[in-house]
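Residue numbers (the working numbering): 8 to 252.
Ideal Cβ positions, reconstructed from N, Cα and C, are used throughout, including at glycine.
One structure is given here, and the rest of the page talks about it.
See the structure below:
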């Protein structure tokens with residue numbers, strides 16, 4: 008059976024974001040939520056999961072990690088600098104690099120050690136960057152856990168692209184990266200992001216007061232988690248750092 012990412016709702020604003028530990032939670036100011044197209048309008052089979060060496064998204068600078076009907080997922084590279092900076096400047100409230108120097112520092116986080124993954128959600132028809140998803144703070148061993156942060160860019164927010172992209176990220180994280188769990192920390196007032204993770208099956212795990220330093224103060228966040236078992240995604244083999252017992 009081919010696993011299909013769920014499609015959710017997003018606010019019609021320049022940014023939708025939840026951040027992992029150390030990142031910023033952006034609360035959309037214009038919370039006009041739009042329902043995604045009915046599920047029966049979405050093909051039930053997606054091209055997915057593994058790296059497709061022969062077919063790339065139009066304009067993409069590296070290979071696709073997964074595809075849904077409208078978007079493809081790939082890793083961020085140095086070639087994305089100009090377009091990503093343009094998207095950040097056109098959007099509102101993003102805690103993402105806004106200068107070439109900041110972009111290079113941002114890119115350096117995603118090293119070969121893979122303690123973090125920087126991913127882009129791109130439109131399949133044009134290759135345009137619609138959003139960014141990071142899997143931060145990847146811890147192996149007995150934890151096999153990562154922390155999610157994501158943002159949708161203007162003018163693509165509110166069209167369901169990030170929901171499709173997040174579905175691809177979940178498959179990539181659980182199958183290719185062989186993580187067991189993903190988490191997201193979301194401020195209670197950020198209902199748009201809460202509804203998005205709920206649509207993808209995340210469960211509420213509790214509230215942590217004063218968890219992250221945001222906008223000059225320590226802010227409380229709800230903790231949301233998802234495991235590969237909850238989606239029925241099982242890697243071919245455990246990650247080599249996972250103990251046998």
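(message) Could you compute how far the alpha carbon of residue 193 sits from the alpha carbon of residue 236?
(response) Residue numbering aside, residue 193 sits at position 186 when the chain shown is read from its first letter. Residue numbering aside, residue 236 sits at position 229 when the chain shown is read from its first letter. So the two alpha carbons sit approximately 22 Å from each other.
(message) Mapping the DSSP letters down to three states, classify residue 10 as helix, strand or coil.
(response) Residue numbering aside, residue 10 sits at position 3 when the chain shown is read from its first letter. With a pLDDT of 39 at residue 10, under the threshold of 50, the modelled position of that residue is not reliable, and the figure given next carries that caveat. Looking at residue 10 - three-state DSSP - the assignment turns out to be coil, as it is neither helix nor strand.
(request) Figure out for me which residue from 204, 157, 140, 110 has the closest Cα to the Cα of residue 92. (result) Start at 1 with the first residue of the chain shown, and residue 92 comes out as number 85. Checked all of 204, 157, 140, 110; the closest Cα to residue 92 is 110.
(message) Taking only three categories from DSSP, how would you classify residue 18?
(response) Along the chain shown, read from residue 1 onward, the residue named residue 18 stands at position 11. Confidence at residue 18 is low in this model, with a pLDDT of 36, below 50, so the placement of that residue should be treated as unreliable; the coordinate-derived value is given next. Note: residue 18 maps to strand in three-state DSSP.
(message) Classify residue 95: buried if its beta carbon has 16 or more other beta carbons within 10 angstroms, exposed otherwise.
(response) In the chain shown, the residue the question calls residue 95 occupies position 88. The residue is buried, with at least 16 neighbouring Cβ atoms inside 10 Å.
(message) Assuming contact is defined by CB atoms lying nearer than 8 Å, are residue 203 and residue 154 in contact in what I supplied?
(response) As a first step, residue 203 must be located in the chain shown, where it is residue number 196. As a first step, residue 154 must be located in the chain shown, where it is residue number 147. In this structure, residue 154 does not lie closer than 8 Å to residue 203 by Cβ.
(message) Using DSSP's beta-bridge definition, name the partner residues of residue 154.
(response) Translated into positions along the chain shown, residue 154 becomes position 147. Paired residues: 143, 190.
(request) Answer yes if the segment 207-223 comes into contact with the segment 159-168, meaning at least three C-beta pairs across the two stretches below 8 Å, and no otherwise. (result) No, they do not touch.
(request) With a 10 Å radius around its C-beta and 16 neighbouring C-beta atoms as the bar for buried, classify residue 42 as buried or exposed. (result) Translated into positions along the chain shown, residue 42 becomes position 35. Bear in mind that the predicted position of residue 42 carries a pLDDT of just 33, short of 50, making it too unreliable to give a figure here.
(request) Identify, in the order they occur along the chain, each residue of the same chain with its Cβ nearer than 6 Å to the Cβ of residue 225, setting aside the five sequence neighbours on each side. (result) Taking the first residue of the chain shown as position 1, residue 225 is located at position 218. Result list for residue 225: 217, in chain order.
(request) Classify residue 115 as buried or exposed, calling it buried when 16 or more other Cβ atoms lie within 10 Å of its own Cβ. (result) For the purposes of this step, residue 115 is identified with residue 108 of the chain shown, where counting begins at 1. It is exposed - the Cβ of residue 115 has fewer than 16 other Cβ atoms within 10 Å.
(message) According to DSSP, residue 232 sits in a beta bridge with which residue or residues?
(response) Locating residue 232 in the chain shown gives position 225, counting from the first residue. Paired residues: 190, 210.
(message) Could you check whether the segment 97-106 touches the segment 128-135, counting it as contact only if at least three pairs of C-beta atoms, one from each stretch, sit closer than 8 Å?
(response) no
(message) Can you tell me whether residue 211 is buried or exposed? The criterion is at least 16 other CB atoms within 10 Å of its CB, across all chains shown.
(response) Taking the first residue of the chain shown as 1, we reach residue 211 at position 204. Residue 211 sits exposed, since fewer than 16 C-beta atoms from the chains shown fall within 10 Å of its C-beta.
(request) Check residue 87 in the structure and name its three-state DSSP category. (result) Here residue 87 refers to the residue found at position 80 when the chain shown is read from its first residue. Helix.
(request) Going by DSSP, name the residue or residues bridged to residue 80. (result) Along the chain shown, one-based indexing puts residue 80 at 73. DSSP lists 73, 128 as partners of residue 80.
(request) State the beta-bridge partners of residue 200 as determined by DSSP. (result) Here residue 200 corresponds to residue number 193 of the chain shown, with the count starting at 1. DSSP, once it has assigned bridges, lists no residue as partnering residue 200.
(request) Would you please state the rounded distance, in angstroms, between the beta carbons of residue 125 and residue 82? I believe it to be under 8 Å. (result) Sequence index remark: in the chain shown, residue 125 carries index 118 (1-based). Sequence index remark: in the chain shown, residue 82 carries index 75 (1-based). Indeed they touch by this definition, with Cβ atoms about 6 Å apart.
(message) For residue 151 and residue 187, what's the separation of their Cα atoms in angstroms?
(response) Working through the chain shown from its first residue, we reach residue 151 at position 144. Working through the chain shown from its first residue, we reach residue 187 at position 180. Going by the C-alpha atoms only, they are around 5 Å apart.
(message) At the level of alpha carbons, what is the spacing between residue 248 and residue 123?
(response) Here residue 248 is taken as the residue at index 241 of the chain shown, counted from 1. Here residue 123 is taken as the residue at index 116 of the chain shown, counted from 1. The straight-line gap from Cα to Cα measures roughly 16 Å.
(request) With DSSP as the reference, label residue 122 as helix, strand or coil. (result) Position 115 of the chain shown, counting from 1, holds the residue named residue 122. Under the three-state reduction of DSSP output, residue 122 falls in the coil class, being neither helix nor strand.
(message) Quick check: what's the CA-CA separation for residue 10 versus residue 75?
(response) Here residue 10 corresponds to residue number 3 of the chain shown, with the count starting at 1. Here residue 75 corresponds to residue number 68 of the chain shown, with the count starting at 1. Unreliable positioning characterises residue 10 in this predicted model, as indicated by a pLDDT of 39, which lies under 50. The coordinate reading is nonetheless provided below. C-alpha separation (whole angstroms): 11 Å.
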